[in-house]
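Asker:
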Amino acid sequence: MPILTNILQKAGKESKSDLSQRKQKTPLRRYRPGFRRTPTKDTKEPAVQAKNKDGALSLQKEKSYGAYGVIVRPYLSEKALRHKDQGKYVFEVFPGATKQDIIHALQEAYGVQIEKVNRIKVQNRKVRIRRTNQVGTKVRYDKCVVTLKKGQSIEILPQ
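By the numbering used here, the letter at position 55 of the sequence shown is numbered 220, and the numbering carries on one by one without gaps.
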């Protein structure tokens, strides 16, 4: 059994510094399914250098996608349409979008001034499929209620 004795002797010779180095290793990152990266908080468009016809350098703004990465769609329900008279509109947004991202995206997309934003996280829920009697899940999503300043409106449904 010389193999076991060699292993046991090596295990006993480990110094305290080796043990402390082992503890200092960084933990592994875990994959979170369904997690999307949020758009960058800095919504200013970076400037790009371009040459004019004269050969001089000038600064041009890069194209930004604006509301594309934040707003999914307007949320249409009876309750949401009732609040339209009060200047409140409901939108479905990507998970992780901050209130500031939502404000900038709506200002860019609709050209309105926003007074207040309330975010709501709608959780998963189990649903039953009628014919097969199986259980499924409705996927979670985020929505926001946006209050516009007085005198402003957004046309979501054509009248």
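Ideal placement from N, C-alpha and C gives every residue a C-beta, glycine not left out.
Just how far apart, CA to CA, sit G261 and P323?
Answerer: So the two alpha carbons sit approximately 30 Å from each other.
Asker: Leaving out the 5 sequence neighbours to the left and right, which residues in its chain are closer than 8 Å to T302 when beta-carbon positions are compared?
Answerer: Answer for T302: N289, R290, K291 and V292, listed in chain order.
Asker: Counting only runs of 4+ residues fully inside the stretch 233-266, write out the alpha helix (DSSP H) ranges in chain order.
Answerer: Listed in chain order, they are 243-247.
Asker: For L313, which three-state DSSP category applies?
Answerer: Correct three-state label for L313: strand.
Asker: Are the CB atoms of K308 and V255 nearer to each other than 8 Å?
Answerer: Their beta carbons are under 8 Å apart, which means K308 touches V255 by this criterion.
Asker: Comparing alpha-carbon positions, which option in Q272, I279, R305 and I268 lies nearest K315?
Answerer: When each option's Cα is compared against that of K315, the closest is I279.
Asker: Would you call I268 buried or exposed, if buried means 16 or more other Cβ atoms sit within 10 Å of its Cβ?
Answerer: Label assigned to I268: buried.
Asker: Short of 7 Å in beta carbon distance, which residues of its chain neighbour V300, apart from the five on each side in sequence? Order them along the chain.
Answerer: The residues are K291 and R293.
Asker: Which of the three DSSP states, helix, strand or coil, is assigned to I168?
Answerer: Correct three-state label for I168: helix.
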